[in-house]
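Line by line, the protein sequences are chains Y and X. So the number in the numbering used here is just where the residue sits in the first sequence, counting from 1, plus 258. So the number in the numbering used here is just where the residue sits in the second sequence, counting from 1, plus 24. Here the structure comes first, spelled out in structure tokens, and everything after it is commentary.
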Amino acid sequence: MAVTKRRITFGFDRFSGLYLWGLFILIFGLWEPHLFFTASTVHSVASEYAITGILGIAVLVPLAAGAYDLSVGATVNLSTIIVSQVQSANHWNMWLAILTAVAATFVVGLVNGFIVVKLHVNSFIATLGMATIIGAVQSMVSGSSQPLPPTSAFWNGLTQHSIFGFQIVFLYLIIIAVFFWWVLDHTPAGRYIYAVGGNAEAARLSGVKVEKWTWLSLITSATLCGIGGVFYASLSGPSLTFGASLLLPAFAAVFLGSTQIRPGRVSVWGTLLAIYVLATGVTGLQLITGVQWLNDMFNGVALIVAVSFAVWRQRAVASGRARAGWRARSIAHTDSGHPETLDGSAEELTTNGLPPQVPK
Amino acid sequence: MPNPALVVRNLTKTFAGTAALNSFDLTVMPGEVHALVGENGSGKSTMIKILAGYHRPDPGGEVVIDGEPLTFGSAESSYSLGCRFVHQDLGLVATASVLDNLCMNTGFPARWGTIRSRLARREAEEDLARVGLHIDPRTPAGELSPALQTGVAVARVLKQDARSPAKLLAFDEPTARLPVSEVEHLARIVRQVSSTGIAVLYVTHRLDEVFEFADQVTVLRDGRKVTTAPVSTLDRSRLIHLLVGAELDEVHASAAALHPEHGEPILKVRDLWASQQAGVSFDVHRGEIVGVAGITGSGRETLLGALFGAAERFAGTVHVGHQLLRPVRPDASMAVGVAYLSPDRKLNGGIMELSARENVSLSDLRPFWGFPWLRRRPERAEVLSWFKRLAVRPGDAVESHLSTFSGGNQQKILFSKWLRRRPEVLLLDEPTQGVDVGAKVELHRHLLAAAAEGTGVLVSSSDVDELLALSHRVLVLRDGRIVASLTGADLTVQAISHQALAADESAGEERLVASWQ
């Protein structure tokens, strides 16, 4: 990845997550070496957060194209219920059950895309509505009672098989991450998606098929949720409510991740980094204190602090040393003159720490 | 002899070792309209920013406003000494009324926390009258013409403030967004303001305005003052020469030397109906540069977009060679060799948060794609070669966000995005809007080179001089129809304006004029 000259720093901004991660490991490692510094902690953190990671990527893809998918929580939950229900109640073959669950989520994505692209509904609203509808469908399928977990050994082995000590679901996450990193960073498809997210009209006038990529990104998102839901059912058993509790952490990770590596742009590795930095912090604190509310508290605080830091840094860079009043500031916004480009301080206040892409 | 309103002495500002402004001197008397002209990067924006207290200059210089020294780096000092600024982006809220816009910063007159609306209105009317505007303050700002909006912005910054009366009004390229027909209205505002004894510092890169409004002109090049002279002692070509040297003339000469092919046209438009077009038909031949002129609302601004597929078309056909262009399908138009440079690079031209490299290559990624990688090295090399060819500054910053480049350089980058496709038909909408003279010359040169290679070029511009300089033929639009096709000796500024305005003023124009009475 090419780095502009002026960014040759210690990377405290772009890699602050990595430093923080190291700090967490050091602190908790010294504090509770026998509990924290163990292979089993590493393995359990890795697999416990694998589903969140998959969901994070599901959020990331449409967000890169400028569309919010708020239905990921409901979709991942729907997939879990379908895949469990048809196996344990209807005794379907496992592969058929998986196919059905994933196909159902594919349809969810298709409908999301239709509402956003063809009906021109703001993606935020469209997917929020969709999430509620999916909740209703889930109740129809399950009759509001939690299905029994399927019991075949093969079914459990789908995710609980271990490789190098890691549960295989973590490997699935890595495969998915590598695939989407490739798609987003190294194929024309990725360029088109980021272009659509950056400025849909400019992308359209550059010959990019905006509707197609928006639609595809929403289908991808929902289908990934479908796959994630199947893994969750195999890993932890069916649950009627887990999806909603993963929605915000997934979004938080994507936003946090957009302050990393290539600030201002959502990215696969930034997202995974954010997820595992937070996971490490939460796990360490839980080992030390043993309290349950830490998870939410820590995630919320970390998101706000990290994004504020990114915003502050961008503003500091943009305005140089000036602590100018509104008059001066309005100059900075309007002018595109050279001096800034010379001293390299004209990084625009494009984002408030979030990806520049806004919902359509 | 009164105190000068502004005295600048020996002002220098260096950024990372490069002097953006170099021992600059300037004197502006009260009531004088002083134009500051120069290419982007010549230091005029830096000058304004120092004046506004945004930049702190290098030690050794001084700025004195009506006898009082400015405290550098202090926006408060700048304001209290009487400096006022109107920026290109006026900062008006389009949906709010003129009244609300006027009171937005200073606050409304109120009693018991309730706005005294009658008083507020009277005050607003006075503020507007001070710049010669007589409009209803309840009108939403967005409904006003761009010139009137600028007027409102001027009225806002000149609001009476007993503690620090306004002494100097600085315009930072206010007309970059104004169509030619409206510049005259702005001229009245400027004259009205200067007649009250306020000095006006007018930063621009449109030379017409210098001759229209200004008493004195100061030319900047590379951070240094080239000259200060009364406008009456200069003429247009002399001023251009001071700005960039003789390059522009050379471009114009080479435009005349091009010989378009005859025979089968490359672009054929027949009976086009779209949002503002009512049956437009014309041809463009290979190697020909055709200009499109017309006032705002004539159909000029939307014609090229409708051809390319940026906007809808209702009826009619567009052919490129023998291929029919499908409506609203930019991708299909590109596939048959059409390129379209959109008029507003911030809104729909460039993708500001992507790098220059990604913006350029977006128009065609195929050369770099071979499964499984999009190869960055050849991509970078190609973009770098375009940077070199179009003299983009800074020349190696292909990885920087598009937003970090100056306007002229952004335009060059977007130009290269289209030129690299070697289009058959090049549609250019306001190709040099908000671009300084030097970059303009560069862009024109590449446009001519494309035409020389057989591209058919259609240029729509509100800059009549630009059309005259480039075009073999100018189509004049009025009320959605082509009313004239001017070539050769008929191609003059007078002929274009005469045809564009013609006898019957449109209703909108009349209303606009009426508001000035």
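C-beta atoms are modelled at their ideal positions from N, C-alpha and C, and glycine is treated no differently.
In whole angstroms, what is the alpha-carbon distance linking X/Val308 and X/Leu482? Their backbone Cα atoms lie some 7 Å apart in a straight line.
Taking a Cβ distance cut-off of 8 Å, strictly less, list which residues of the region 457-472 of chain Y are near chain X, in chain order. When CB distances to chain X are screened at a threshold of 8 Å, the residues of the region 457-472 of chain Y falling below it are Asn457, Glu459, Ala460, Ala461, Arg462, Leu463, Ser464, Gly465, Val466 and Lys467, in chain order.
Beta-carbon neighbours of Y/Arg272, restricted to chain X and to distances below 7 Å: What Y/Arg272 touches in chain X: nothing, since even the nearest Cβ is about 14 Å away.
Residues that X/Trp397 bridges to, as DSSP identifies them: Note: X/Trp397 sits in a beta bridge opposite X/Gly394.
Entirely within the region 87-117 of chain X and at least 3 residues each: give me those beta strand (DSSP E) ranges in chain order. Qualifying beta strand (DSSP E) stretches, in chain order: 107-110.
From X/His522 to X/Gly318, what distance separates their C-alpha atoms? Per the coordinates, the alpha-carbon of X/His522 lies some 10 Å from the alpha-carbon of X/Gly318.
Within the continuous beta strand (DSSP E) that includes Y/Ala323, where are the two ends? Annotation: Y/Ala323 is outside any beta strand (DSSP E) and is labelled neither H nor E by DSSP.
Would the beta-carbon of Y/Thr385 fall within 8 Å of that of Y/Tyr430? Pairing Y/Thr385 with Y/Tyr430 gives a Cβ-Cβ distance that is not under 8 Å.
Please check if any C-beta of chain X sits within less than 8 Å of the C-beta of Y/Pro405. For Y/Pro405, no CB of chain X lies under 8 Å from its own CB, so it is not counted at the interface with that chain.
Can you grab the Cα-Cα spacing for the pair Y/Lys467 / X/Asp355, in whole Å? C-alpha of Y/Lys467 to C-alpha of X/Asp355: approximately 7 Å in a straight line.
Looking only at DSSP bridge pairs, what is X/His343 linked to? When beta bridges are read from the DSSP output, X/His343 appears opposite X/Lys292 and X/Leu348.
For Y/Ile391, count neighbouring C-beta atoms within 10 Å of its own C-beta (all shown protein chains included) and say buried if the count is 16 or more, exposed if not. When all chains shown are included, Y/Ile391 counts as exposed.
Pick from Y/Gln345, Y/Phe424 and Y/Val379 that is closest to Y/Trp413, judged by C-alpha positions: The option with the nearest alpha carbon to Y/Trp413 is Y/Gln345.
Measuring only between beta-carbons, confirm whether Y/Arg238 sits less than 8 Å from chain X. Limits of chain Y in this structure are 259 at one end and 618 at the other, which puts residue 238 of chain Y out of reach.
Since X/Phe39 sits in a beta bridge, which residues does DSSP pair it with? Answer is X/Thr42, bridged to X/Phe39.
Report the three-state DSSP secondary structure of X/Ser430 (helix, strand or coil). DSSP places X/Ser430 in coil when its eight states are reduced to three.
Can you tell me whether Y/Asp593 is buried or exposed? The criterion is at least 16 other CB atoms within 10 Å of its CB, across all chains shown. Residue placement at Y/Asp593 is flagged as unreliable, the pLDDT there being 36, under the threshold of 50; a coordinate-derived value is accordingly withheld.
How close, in whole Å, do the beta carbons of Y/His444 and X/Leu267 come, if the pair is a contact with beta carbons under 8 Å? In fact, because the Cβ distance is near 45 Å, the residues do not count as touching under 8 Å.
Interface positions of the region 433-447 of chain Y facing chain X (Cβ-Cβ less than 9 Å), listed along the chain: Those residues of the region 433-447 of chain Y placed with their C-beta closer than 9 Å to a C-beta in chain X are Trp440, Asp443, His444, Thr445 and Pro446, ordered along the chain.
Rank Y/Val569, Y/Thr538 and Y/Val565 by C-alpha distance to the C-alpha of Y/Phe295 and give the top, closest one. Of the residues Y/Val569, Y/Thr538 and Y/Val565, the one whose Cα lies closest to the Cα of Y/Phe295 is Y/Thr538.
So the candidates are X/Gly373, X/Glu406 and X/Met376; which of them puts its Cα closest to the Cα of X/Leu389? The residue from X/Gly373, X/Glu406 and X/Met376 with its alpha-carbon nearest to that of X/Leu389 is X/Glu406.
At what residue ranges does the region 299-372 of chain Y contain a whole run of the alpha helix (DSSP H), taking only runs of 4 or more? Taking 4 residues as the minimum length, the alpha helix (DSSP H) runs contained wholly in the region 299-372 of chain Y are 308-322, 330-346 and 352-371, in order along the chain.
Using 8 Å as the threshold, is the C-beta distance between Y/Gly486 and Y/Leu313 below it? Contact: yes.
Any alpha helix (DSSP H) of 4 or more consecutive residues that is wholly inside the region 468-527 of chain Y: 468-494 and 500-515, all fully within the region 468-527 of chain Y.
So X/Ser336 and X/Gly311 are in contact, right, with Cβ under 8 Å, and what is the actual spacing, rounded? The sequence given here places Glu at residue 336 of chain X; Ser does not occur at that position. The pair is not a contact, with the Cβ atoms about 30 Å apart (cut-off 8 Å).
For Y/His292, count the other beta carbons within 10 Å of its own beta carbon; 16 or more makes it buried, fewer makes it exposed. Which is it? So Y/His292 ends up on the exposed side.
Going along the chain, which residues of its own chain have a beta-carbon closer than 6 Å to the beta-carbon of X/Ala519, five neighbours each way excluded? For X/Ala519, same chain residues with a beta-carbon under 6 Å away, outside a window of 5 residues either side, are Leu510 in chain order.
Which residues bound the beta strand (DSSP E) around X/Thr252? Per DSSP, X/Thr252 belongs to the beta strand (DSSP E) from Arg248 to Pro254.
I believe Y/Gln337 touches Y/Val360 by the beta-carbon criterion, under 8 Å. Please report the beta-carbon distance rounded to the nearest angstrom. A quick correction: the sequence has Ser, not Gln, at residue 337 of chain Y. That pair is a contact at about 7 Å.
Chain-ordered neighbours of Y/Ala453 on chain X, where CB pairs are closer than 7 Å: Here the neighbours are Ile375, Leu378 and Leu386.
Cβ-based burial, X/Gly91 [other Cβ within 10 Å; buried from 16]: For X/Gly91, the number of other beta carbons within 10 angstroms of its own is below 16, and it is reported as exposed.
Assuming X/Ala76 and X/Cys107 make a contact with CB atoms under 8 Å, what is their CB distance in whole Å? At roughly 7 Å, the Cβ-Cβ gap stays under 8 Å, so X/Ala76 and X/Cys107 are in contact.
Measure from the C-beta of X/Val382 to each C-beta in chain Y and report whether the shortest distance is under 8 Å. The amino acid at residue 382 of chain X is misidentified as Val; the sequence shows Glu. Between X/Glu382 and chain Y, the shortest Cβ-Cβ separation is below 8 Å.
Can you look up Y/Ser619 in the DSSP assignment and give me helix, strand or coil? Given a span of 259 to 618 for chain Y in the structure shown, any question on residue 619 of chain Y remains unanswerable.
Give a yes or no on whether 8 Å exceeds the smallest Cβ distance from X/Met358 to chain Y. Yes, its Cβ sits closer than 8 Å to a Cβ of chain Y.
Express the C-alpha separation of Y/Ser464 and X/Gln435 in angstroms, rounding to a whole number. If you draw a straight line from the Cα of X/Gln435 to the Cα of Y/Ser464, it is about 15 Å long.
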